[in-house]
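Q:
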Amino acid sequence: MQALTNKAQAVNRKPMTFWERLYLINIIKGMMITFSHMFKKQPTIRYPEEKREFSPVFRGLHVLNRDEEGRERCTACGLCAVACPAEAITMEAAERVEGEENLYREEKYAAKYEINMLRCIFCGLCEDACPKDAIYLSETFAPANFTRKGFIYGKPDLLIPNPKTEAGAFAEAKGVEA
Amino acid sequence: MTILALDWALVIEKLIMIAIIVFASLGIALYTTFAERKVAAILQDRPGPSRAGPFGLLQPLADGLKLIMKEEIIPNAANKWLFILGPGLAMTASLMTCAVIPWGSAIDIFGRHVELQIADVNIGILYVFAVVSMGVYGIMIGGWASNNKFSLMSALRAASQAISYELAMGLALIALLMTTGSLSLKTIVEQQVQGSWWNIVYQPLGFLIFFITAMAECNRTPFDLPEAENELNFGYHQEYSSMKLGFYLFAEYINMIMSSAIMASMYFGGYDLPFFNEASVAPNIAAMIGVGTLLIKIVLFIFLFMWIRWTIPRFRYDQLMGLGWKTLIPLALFNMLLTGAVILAKL
Numbered sequence: 610m611q612a613l614t615n616k617a618q619a620v621n622r623k624p625m626t627f628w629e630r631l632y633l634i635n636i637i638k639g640m641m642i643t644f645s646h647m648f649k650k651q652p653t654i655r656y657p658e659e660k661r662e663f664s665p666v667f668r669g670l671h672v673l674n675r676d677e678e679g680r681e682r683c684t685a686c687g688l689c690a691v692a693c694p695a696e697a698i699t700m701e702a703a704e705r706v707e708g709e710e711n712l713y714r715e716e717k718y719a720a721k722y723e724i725n726m727l728r729c730i731f732c733g734l735c736e737d738a739c740p741k742d743a744i745y746l747s748e749t750f751a752p753a754n755f756t757r758k759g760f761i762y763g764k765p766d767l768l769i770p771n772p773k774t775e776a777g778a779f780a781e782a783k784g785v786e787a
Numbered sequence: 019m020t021i022l023a024l025d026w027a028l029v030i031e032k033l034i035m036i037a038i039i040v041f042a043s044l045g046i047a048l049y050t051t052f053a054e055r056k057v058a059a060i061l062q063d064r065p066g067p068s069r070a071g072p073f074g075l076l077q078p079l080a081d082g083l084k085l086i087m088k089e090e091i092i093p094n095a096a097n098k099w100l101f102i103l104g105p106g107l108a109m110t111a112s113l114m115t116c117a118v119i120p121w122g123s124a125i126d127i128f129g130r131h132v133e134l135q136i137a138d139v140n141i142g143i144l145y146v147f148a149v150v151s152m153g154v155y156g157i158m159i160g161g162w163a164s165n166n167k168f169s170l171m172s173a174l175r176a177a178s179q180a181i182s183y184e185l186a187m188g189l190a191l192i193a194l195l196m197t198t199g200s201l202s203l204k205t206i207v208e209q210q211v212q213g214s215w216w217n218i219v220y221q222p223l224g225f226l227i228f229f230i231t232a233m234a235e236c237n238r239t240p241f242d243l244p245e246a247e248n249e250l251n252f253g254y255h256q257e258y259s260s261m262k263l264g265f266y267l268f269a270e271y272i273n274m275i276m277s278s279a280i281m282a283s284m285y286f287g288g289y290d291l292p293f294f295n296e297a298s299v300a301p302n303i304a305a306m307i308g309v310g311t312l313l314i315k316i317v318l319f320i321f322l323f324m325w326i327r328w329t330i331p332r333f334r335y336d337q338l339m340g341l342g343w344k345t346l347i348p349l350a351l352f353n354m355l356l357t358g359a360v361i362l363a364k365l
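So the protein sequences, as listed, match chains A and B. If you read the first sequence in our numbering, its first letter stands for residue 610, the second for the next number, and so on. If you read the second sequence in our numbering, its first letter stands for residue 19, the second for the next number, and so on.
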């Protein structure tokens, strides 16, 4: 029969020699291998003290962005919800009234903006769909929760801190631009 | 008033010694479980238990506390008396072995000459054999009383394994006893202290056989068929919980310590520190150095046990029996004949 790949190897059917049948030497060889592993570097990351670094293109929890003056960028156009393959995003739009110019950048804004983190597949299509650079995925992931309700993230969970009032927190939440 | 004729100081001395040795072996067994996990981890490139205390040193205490706090469950179908007797017997048998092990030469304390051995009986090694055979009853009774087919099967395996390997162990020992001419462990050790060589030099094959059979007697991998997690769930202690399970697990580790101590005493000079003249320091200090030496030898043997455990896979049952009956026993007989021939030639 012709072999499909060149990976096949003939089985060695030679009878074992006396020393091989004695087994002792092979045991000692094996023990030397395990002994050498005592001095190998452990790949373990001791989690709470040490954390694995995420790559800069990691797609984690969503962040609703603000502009430089601390105004929300989102205009509730709904393109992210349309783009979302998991249908995790829902929103309700509202019209900006007089005196809210320092809160919202455009005349229309998202009064309610919810992402169900149990549905979300962290594909990042919402990020791509957004014309206003209002949503992007950060470098953290959703922490555990006791109820399903806890995984529906509203605006207070998603909004980035105000760069005017909390510049440090803003920079931390913003992370490294990929 | 005949009772007062007893040497009460001797009784108290022995009682204190028994207490020290029993608690020390329990403590060492506690930390052997920790060492086992740590050695396993390091051999597999893992850090091992490291959360409880510095370097995880409090881990055995946490484990012990957990075992004690767990609910005691006795299955309805189990034979209650035997179910409780099993772990007790296993523990007693493994602790009784330490009675004849010479832990050191002798110290002078409060004007008394104290031998660092609980009982220097002239049939020491025979006593060890008798007690070790008792250990099988603990496993057998536990497996039988659980009324569980896996436990029973595992108990049967343990019993047949112990019986097959005890034979080879005894035969390997006979060759050693032919050279020493004494059954007393103290005498055997003293001969090695005074003589220029340890017994391992005269009995390398005997030691190999003894070591393999000792591993089988302790139910250690590669001879851990009675436990065989993947075929018998958990073996003879499957139905056990809480401290009764703890006793079984501890008994295994104490067995390991005791067989290490016996191997060190019989083949590796016991408390004899090589290239060291005991007469050059005070007798008490020399005795303490001897105790330390024996402990180091025990620790090295325990490490060897663990090292082997985490290297070699388990034997198949027929391989186990084949090795015991078809290889070790003929080899031990051959070793015995050879030793006898050499002794005859020397006469």
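Glycine residues also receive a C-beta, built at the ideal position from the N, C-alpha and C atoms. Keep in mind the model is a prediction, meaning the values are calculated, not measured.
Of the choices B:Ala-363, B:Glu-31, B:Leu-346, B:Thr-329, whose alpha-carbon is the least far from that of B:Ala-59?
A: Per the C-alpha coordinates, the member of B:Ala-363, B:Glu-31, B:Leu-346, B:Thr-329 positioned closest to B:Ala-59 is B:Thr-329.
Q: Less than 8 Å between CB atoms is the rule here; does B:Ile-326 satisfy it with respect to chain A?
A: Interface residue, yes.
Q: Please tell me whether B:Met-233 and B:Ala-53 are closer than 8 Å, where the distance is taken between their beta carbons.
A: no
Q: Can you tell me which of B:Met-276, B:Gln-337, B:Lys-84 puts its alpha carbon nearest to the alpha carbon of B:Met-261?
A: Among B:Met-276, B:Gln-337, B:Lys-84, the Cα nearest to that of B:Met-261 is on B:Lys-84.
Q: In chain order, what residues of the same chain lie with their CB nearer than 7 Å to the CB of B:Met-109, ignoring the 5 residues before and after it?
A: Hits under 7 Å: Phe-265, Phe-268, Ala-269.
Q: Compile a chain-ordered list of the residues in the region 652 to 678 of chain A whose CB is closer than 9 Å to at least one CB of chain B.
A: Cβ contacts with chain B come from Pro-652, Thr-653, Arg-655.
Q: Checking contacts by CB at 8 Å: is B:Gln-62 closer than that to chain A?
A: It does; some Cβ of chain A falls within 8 Å.
Q: Since A:Ala-702 contacts A:Ala-685 with CB under 8 Å, what's their CB separation in whole angstroms?
A: 4 Å
Q: Which residue spans inside the region 215 to 290 of chain B form an unbroken alpha helix (DSSP H) run of at least 4?
A: 217 to 220, 222 to 235, 247 to 250, 260 to 285
Q: So does the region 156 to 165 of chain B actually touch the region 94 to 112 of chain B, counting three or more Cβ pairs closer than 8 Å?
A: yes
Q: If I measure Cβ to Cβ from A:Ala-787 and keep anything under 8 Å in the same chain, skipping five residues before and after, which residues do I get?
A: Any reading at A:Ala-787 must be qualified, since the residue scores a pLDDT of 46, below 50, and its modelled position is unreliable; no value is offered.
Q: With 8 Å as the threshold, decide whether the Cβ of A:Thr-626 is near any Cβ in chain B.
A: For A:Thr-626, no CB of chain B lies under 8 Å from its own CB, so it is not counted at the interface with that chain.
Q: Sorted by chain position, which residues of the same chain lie with C-beta nearer than 8 Å to B:Ala-111's C-beta, five sequence neighbours on each side aside?
A: Val-149, Val-150, Met-152, Gly-153, Tyr-155, Gly-156, Ala-269
Q: Drop a sphere of 10 angstroms on the beta-carbon of A:Glu-681, count the other beta-carbons inside from all chains shown, and report buried for 16 or more, exposed for fewer.
A: It is buried - the Cβ of A:Glu-681 has at least 16 other Cβ atoms within 10 Å.
Q: For A:Leu-673 and A:Asp-742, what's the separation of their Cα atoms in angstroms?
A: 9 Å
Q: Under 8 Å between the Cβ atoms of A:Asn-725 and A:Ile-769?
A: Contact flag unset, no.
Q: Is there contact here, the region 33 to 43 of chain B with the region 704 to 720 of chain A, by at least three beta-carbon pairs under 8 Å?
A: no
Q: Identify every run of the beta strand (DSSP E) within the region 148 to 179 of chain B, keeping only runs that are complete inside it and at least 3 residues long; order them along the chain.
A: none
Q: Which of the residues in the region 63 to 77 of chain B, read from start to end, lie with their CB under 8 Å from any CB of chain A?
A: Asp-63, Arg-64, Pro-65, Ser-68
Q: Can you tell me where the beta strand (DSSP E) holding B:Leu-203 begins and where it ends?
A: Segment 203 to 212 is the alpha helix (DSSP H) holding B:Leu-203; no beta strand (DSSP E) there.
Q: Cβ closer than 8 Å: which chain A residues qualify as neighbours of B:Thr-329?
A: Ile-636, Gly-639, Met-640, Ile-642, Thr-643
Q: Strictly under 8 Å for the Cβ-Cβ distance: is A:Met-647 near chain B by that measure?
A: yes
Q: Which class does B:Ala-186 belong to by DSSP, given the choice of helix, strand or coil?
A: Residue state, collapsed to three classes: helix.
Q: Quick check on this structure: which residue in B:Tyr-254, B:Ala-177, B:Gly-287, B:Met-281 has the alpha carbon closest to the alpha carbon of B:Trp-216?
A: The shortest C-alpha separation from B:Trp-216 is found at B:Gly-287.
Q: Taking the DSSP output, what are the residues bridged to A:Met-700?
A: A:Tyr-722
Q: For A:Cys-732, which residues from the same chain have a beta carbon less than 7 Å from its beta carbon, with the 5 sequence-adjacent residues on both sides left out?
A: Pro-694
Q: Buried or exposed for B:Leu-28, going by 16 or more other Cβ atoms inside 10 Å?
A: exposed
Q: Leaving out five residues on either side along the sequence, give the residues of the same chain with a beta carbon under 6 Å from the beta carbon of A:Thr-749.
A: Gly-669, Leu-670
Q: Whole-angstrom Cβ separation of A:Cys-735 and A:Ala-778, contact assumed at under 8 Å?
A: Not a contact, Cβ separation roughly 23 Å.
Q: Which residue or residues does DSSP assign as beta-bridge partners of A:Tyr-762?
A: A:Ile-724
Q: Which first and last residues belong to the alpha helix (DSSP H) in which B:Tyr-49 is found?
A: 26 to 61
Q: Is the distance from the Cβ of B:Ala-168 to the Cβ of B:Leu-291 below 8 Å?
A: The sequence given here places Phe at residue 168 of chain B; Ala does not occur at that position. For B:Phe-168 and B:Leu-291, no; Cβs fall outside 8 Å.
Q: Note down, in chain order, each residue of its chain lying with its Cβ closer than 7 Å to the Cβ of B:Ala-369, except the 5 sequence neighbours on either side.
A: Residue 369 of chain B falls outside the range modelled here, since chain B spans only 19 to 365, and no answer is possible.
Q: Is it true that the region 174 to 185 of chain B meets the region 336 to 343 of chain B, where meeting means three or more beta-carbon pairs spaced less than 8 Å apart?
A: yes
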